[in-house]
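Before any comments, here is the structure.
2 protein chains.
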Amino acid sequence: MRIGELAAQTGVSVRSLRYYEEQGLLTSDRSASGQRHYTADKIERVRFIQRMYAAGLSSGTVSEVLPCVESPSEETSDAALERMTRERDRLSEHIADLIRTRDALDALIATNREHRRSLRV
Amino acid sequence: MRIGELAAQTGVSVRSLRYYEEQGLLTSDRSASGQRHYTADKIERVRFIQRMYAAGLSSGTVSEVLPCVESPSEETSDAALERMTRERDRLSEHIADLIRTRDALDALIATNREHRRSLRV
DNA sequence: TTTGCCTCTGACGTCAATGTCAGGTTTTAG
DNA sequence: CTAAAACCTGACATTGACGTCAGAGGCAAA
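Taken in order, these protein sequences are the chains called U and X.
Numbering-wise (the UniProt record's numbering), the first sequence opens with residue 1 and increments by one.
Numbering-wise (the UniProt record's numbering), the second sequence opens with residue 1 and increments by one.
See the structure below:
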């Protein structure tokens, strides 16, 4: 598949796909004329990259972690596995923080609703 | 307290505090010479702003939500309360998404660890 | 009063992911 | 064959929350 279709399949812009390649996060085969061609498994790869971005990793960090995804069957480097574990923990703390924030918002909403009810007579 | 101490108390840079004021998120009294002076309750306010940023709200959205925090005892505008509720729901979806991502990372880590163990003979 | 730190405004710099445009080639549909 | 659509590289623009610097003034201690 060419870049346009990969973009359509993943919902990621063509520009971003080229950027991922530039950052070493995504590879492509090139046709004789230089056009990028992708195998179907790249769809999952792109989705993984997006999930990592959503989890707050930078492109540099994603590239450090990729070996674990790419070759779980070869000997994964200590560094990559350790990095991934660290990011997992960071994410976990972030989630806990967001949950606390959500609780605070819930309390705030409840207070406002309550006061509204008391005004409505 | 002056801006430097508020910065120290909250761990937020002086630059950021001025930025918050510029964005209408934070107010200050000014001395005759123009220096900003803050009451102690501004510490909590700044922390709230930071939590909202961490939850993914932009400064514009934070300012829409602030009436609910500022005057829970007055009649809060429908718009602000509705906005806050929407942001709470968005945050909730985001948390769910991050948890799925964390689960995916856990599975990946487990796979890699497992393979390592099998290689170690 | 001088020293040194804090503050002021205003402006420009940064960073990451992406948008957008230009100018040119390739592929596809009719 | 030809026009439209998709692709290429390269480069500059954008956004938001700041960092940083310049030039000037404010304020407490020695």
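Virtual Cβ for every residue (Gly too), placed ideally from N, Cα, C.
- Excluding its 5 nearest sequence neighbours in each direction, Gly56 of chain X has C-beta neighbours in its own chain below 8 Å: Arg90, Leu91 and His94, listed in chain order.
- Closest option to Thr10 of chain U, judged by alpha-carbon separation, among U:Ala40, U:Val46 and U:Ala80: U:Val46.
- Note that the C-beta distance between Glu21 of chain U and Arg36 of chain U is below 9 Å.
- Val12 of chain U and Gly4 of chain U do not touch by the CB rule: their CB atoms are close to 11 Å apart, not below 8 Å.
- Counting only Cβ-Cβ distances below 7 Å, Asp97 of chain U has contacts in chain X at Ala54, in chain order.
- Closest in alpha carbon position to Glu44 of chain X, among X:Arg83, X:Thr85 and X:Leu17, is X:Leu17.
- With contacts defined as CB atoms closer than 9 Å, Ala104 of chain X and Arg51 of chain U qualify as a contacting pair.
- By DSSP's assignment, His37 of chain U forms a beta bridge with U:Arg2 and U:Asp29.
- Rounded to the nearest angstrom, the gap between the Cα atoms of His115 of chain U and Ile99 of chain U is 24 Å.
- Assignment of Gly24 of chain U by DSSP, reduced to helix, strand and coil, places it in the coil class.
- The shortest CA-to-CA distance from Thr61 of chain X to any of X:Thr101, X:Leu25 and X:Arg102 is the one to X:Leu25.
- Check the Cα spacing between Asp78 of chain U and each of X:Ile109, X:Met84 and X:Arg30: the tightest is with X:Ile109.
- Counting only the Cα atoms, Ile49 of chain U lies some 35 Å from Leu81 of chain X.
- Any Cβ of chain X closer than 9 Å to the Cβ of Glu87 of chain U would place that residue at the interface, and such an atom is present.
- Non-local C-beta neighbours of Cys68 of chain U in its own chain, meaning closer than 8 Å and more than five positions away in sequence, comprise Thr76, Ala80, Leu81 and Met84, ordered along the chain.
- In summary, Glu70 of chain U is exposed, with fewer than 16 beta-carbon neighbours lying within 10 Å of its beta-carbon over all protein chains present.
- Of all residues in the stretch 11-28 of chain U, none comes within less than 9 Å of chain X when Cβ atoms are compared.
- DSSP places Val69 of chain U inside the alpha helix (DSSP H), whose first and last residues are Ser59 to Glu70.
- For Ala55 of chain X, there is no enclosing alpha helix (DSSP H), as DSSP gives it neither H nor E.
- Contact check for Arg102 of chain X and Arg88 of chain U: beta-carbon distance about 6 Å, within the 8 Å limit, so the pair qualifies.
- When Cβ-Cβ separations below 9 Å define contact, Ala79 of chain X makes no contact with chain U.
- By the Cβ neighbour-count rule, Leu6 of chain X is buried, with 16 or more other Cβ atoms within 10 Å of its own.
- Boundaries of the alpha helix (DSSP H) around Ser92 of chain U: Asp78 to Leu119.
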